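Asker: The listed protein sequences derive, respectively, from chains A and B.
Take the first sequence: its letter number 31 is residue 31 in the numbering used here, and every next letter is one higher.
Whatever position you read off the second sequence (first residue = 1), add 1000 for the numbering used here.
No residue lacks a Cβ here, since even glycine has one placed at the ideal position from N, Cα and C.
All values derive from a computational prediction rather than experimental measurement.
Below you will find the structure I want to go over with you.
There are 2 protein chains.
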Amino acid sequence: MEGQLKRGLLDICVLAAIKSKDSYGYKMIKDMKPYIELSESTLYTILKRLENAGMLTVRITEHDGRLRKYYHITEAGLRRIEDFKAEWKEVISIYQYVMKEDCHE
Amino acid sequence: MEGQLKRGLLDICVLAAIKSKDSYGYKMIKDMKPYIELSESTLYTILKRLENAGMLTVRITEHDGRLRKYYHITEAGLRRIEDFKAEWKEVISIYQYVMKEDCHE
DNA sequence: AAATATACCTCGTGATATGATGTATATCAT
DNA sequence: ATGATATACATCATATCACGAGGTATATTT
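Take a look at the structure:
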């Protein structure tokens, strides 16, 4: 997809991916793949940003001799998802404006 | 609204605003205000970008002794709107992913 | 005369996504 | 055994972009 539109949804997708169950980067990419594709560099950038913003916490573990970092959503992260739902209504309103203009043809 | 989400919609809104009828910057801002607010600096940046991308053409006029630049959508611009409609389906798919995860609570 | 509306523009800044690249271990196929 | 692929993390440079601040100029309203 064209990228621009996706941008605003990235943070929310990542938060959604860990909302009901802690997860780690590599797994998140695979889980989200059917819905939204993002590279590792993009995801780790986002995870770092969300961590700095207090939206999630990190727990380092070891699995089969490999490093694995589990991410856990915080209260602030949950609130961010709630805020998104409100913003989504505005997005729909904008979409309707575009469609309205589109139908004047 | 949060900004990030709006980003991907800005170009499309501007194209939609001139789709059925040529318009000019100052008017577009007022027309779009109920749906999406954008500053003059933002709009003129976008108009310049869309012009460079061949999505619209410009016609300079004079009105009451004041400069006025009318923008006209091109074939490429119309195609951009069509592409957006396809992308929108992906956006909805992503939204549903977020909501799905949200309901596991 | 002053304030507001109309109408355009540029520059600097901060935020951001992404490709390229790197590190390291485990597993699988030949 | 060895080479490829999968797992799993990270950083850096770059390009794009929205936006506030500030600027220019004329017409209309108070």
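1. By the DSSP assignment, the beta strand (DSSP E) with Glu62 of chain A in it spans what residues?
2. Between the segment 55–67 of chain A and the segment 35–42 of chain A, do at least 3 Cβ pairs fall closer than 8 Å?
3. Measuring alpha carbon to alpha carbon, tell me which of A:Phe84, A:Tyr35, A:Asp22 ends up nearest Met1001 of chain B.
4. Check whether the Cβ atoms of Tyr1070 of chain B and Asp1031 of chain B sit closer than 7 Å, and answer yes or no.
5. According to the neighbour-count rule (16 or more other Cβ atoms, all chains shown, within 10 Å of its Cβ), is Tyr95 of chain A buried or exposed?
6. Please name the residue or residues paired with Ile1073 of chain B in a DSSP beta bridge.
7. Output, in chain order, the set of chain B residues within a Cβ distance shorter than 9 Å of Glu75 of chain A.
8. Residues of chain A with a CB under 7 Å from the CB of Arg1007 of chain B: which are they?
9. Are the Cβ atoms of His38 of chain A and Glu1087 of chain B separated by less than 7 Å?
10. Quickly, what does DSSP pair Tyr1024 of chain B with across the bridge? List them, please.
11. Starting from the Cα of Lys1019 of chain B, find the closest Cα among B:Ile1036, B:Leu1067, B:Arg1080, B:Gly1008 and give me that residue.
12. Alpha carbon to alpha carbon, how far is Tyr97 of chain A from Thr1074 of chain B?
13. Should Met1001 of chain B be flagged as near chain A, meaning a C-beta pair shorter than 7 Å?
14. Would Asp1011 of chain B be called buried (16 or more neighbouring beta carbons within 10 Å of its own) or exposed?
15. Is it buried or exposed, Glu1101 of chain B, if we count other Cβ atoms within 10 angstroms and call 16 or more buried?
16. Quick check on Met1001 of chain B: does DSSP put it in helix, strand or coil?
Answerer: Looking at the coordinates:
1. 56–63
2. no
3. A:Phe84
4. no
5. buried
6. B:Leu1056
7. Within chain B, no residue comes near Glu75 of chain A; the closest Cβ sits about 13 Å away, beyond 9 Å.
8. Gln4, Arg7, Gly8
9. Reading off the sequence, residue 38 of chain A comes out as Leu, not His. Not a contact, by the Cβ cut-off of 7 Å.
10. B:Tyr1070
11. B:Arg1080
12. 20 Å
13. yes
14. buried
15. buried
16. coil
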